[in-house]
Amino acid sequence: MDTKRSTGTRGAAVVHDDERAPLELRPLTARSVVLSTLLGHHPPRLPARALVRVGELFGIAEGTVRVALSRMVAAGDLRQRDGAYGLTARLLDRQARQDDSRTPRTVPWSGEWEIALVSGAEPRTATERAALRQAMAALRLGELREGSWLRPANLDRPRPAVATAQCTWLTGTPDGDPRALAGRLWDLAGWSARARTLLAALDEAAGPAGRFTVSAAILRHLLTDPLLPEPLLPEDWPGAELRTRYGGFEAELSTLLRRYAEG
């Protein structure tokens with residue numbers, strides 16, 4: 729496949745190919761560098777001087793990083809104590825979801841599906857509906873119609889309170905072809921196409937900044953992988969390859985960041 733790449737603002741890349749729309753990657757900012765660094769660090773807490781040095785690796789001035797840190801504390805993204813910055817509870821949840829997306833906890837699939845039906849006679853507020861939709865996305869359920877969610881029962885993860893409070897949960901086996909049902913619930917062809925474009929972008933990214941930007945996009949994409957059991961996946965599904973390639977890049981980048989953050 730003939731693939732071309734062009735670079736715009738610092739760390740941003742646009743990848744074109746013959747069949748797909750351009751892949752717009754978010755440019756590096758002080759906030760994105762700090763956030764990505766902490767999300768990839770266990771435990772997610774680093775001193776300010778370490779985060780400043782990471783910013784310098786990507787050409788971001790110390791003052792810009794320190795302003796971003798102050799704004800992230802004010803916004804509730806970070807907490808600061810004893811000169812170090814760590815993720816708040818909301819972003820700790822995001823880190824856990826990212827970790828699960830890279831190493832999903834699966835169980836053998838028996839053919840059964842999880843089914844969640846919105847229950848209760850009282851109308852729900854817009855805030856409640858939005859909270860449920862966010863929870864269902866994190867649980868990797870697909871929406872068949874308003875108030876009806878389901879997925880193959882092959883994942884081992886807890887259900888948040890918002891999902892158990894608003895829904896009645898069932899386990900069942902749908903009639904008909906489960907592969908066709910999975911195709912109705914998720915855009916599998918679209919997910920696969922974007923994954924392959926990201927793999928090409930990672931191959932072609934120049935320097936740490938370019939690879940860092942692509943890796944952040946890969947993590948966001950992995951969060952939307954429906955994590956279907958193998959019998960329901962299309963042929964040549966790139967999910968495992970995307971995880972493997974990202975893992976190799978993360979190991980490489982972790983060594984580099986450790987040298988800059990701890991040096």
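Counting in our numbering, the sequence shown runs from 729 upward without gaps. The beta-carbon is built from N, C-alpha and C at its ideal position, and this holds for glycine as well. Here the structure is a predicted model, which is why all the values come from computation and not from measurement.
In the three-state reduction of the DSSP assignment, E850 falls in the coil class, being assigned neither a helical nor a strand state. Taking every protein chain shown into account, the CB of W919 has 16 or more other CB atoms within 10 angstroms, so this residue is buried.
For L820, the closest C-alpha among the options P771, E856, R833, S760 is that of P771. In this structure, DSSP gives G768 a state outside helix and strand, which the three-state scheme calls coil. In this structure, the straight-line span from the alpha carbon of L916 to that of P962 is close to 8 Å.
Counting along the chain, the unbroken beta strand (DSSP E) around T896 starts and ends at 895 to 900. Annotated as distal: L927 and L883, with beta-carbon spacing of 8 Å or more. Between the alpha carbons of A865 and L766 lies a gap of roughly 23 Å. Cβ contact annotation for R794 (same chain, cutoff 8 Å, sequence separation greater than five): A776, V780, in chain order.
Shortest Cα-Cα distance from L947 to any of G967, G935, R773 involves G967. For A944, same chain residues with a beta-carbon under 6 Å away, outside a window of 5 residues either side, are S764 in chain order. Taking each of L950, W965, P880 in turn and checking the Cα distance to R825, the smallest one comes out for L950. Distance from the Cα of P886 is smallest, within the candidate group L867, W877, T901, L878, for L867. A Cβ-Cβ distance of about 6 Å is found for the pair R971 and R830, placing them in contact under the 8 Å criterion. Note: L960 is not bridge-paired with any residue in the DSSP secondary-structure output. The beta carbon of G811 is closer than 7 Å to those of P775, A776 in its chain, skipping five residues each way along the sequence. Listed in chain order, the beta strand (DSSP E) runs fully inside the segment 799 to 844 are 806 to 809, 812 to 815, counting runs of at least 3 residues. The C-beta distance from T816 to R809 rounds to 12 Å, too long to meet the 8 Å contact threshold.
In the structure shown, the three-state DSSP call for E978 is helix. The criterion of a C-beta distance shorter than 8 Å is not satisfied by R987 and L930. Straight-line measurement puts the Cα of E840 at about 22 Å from the Cα of R861.
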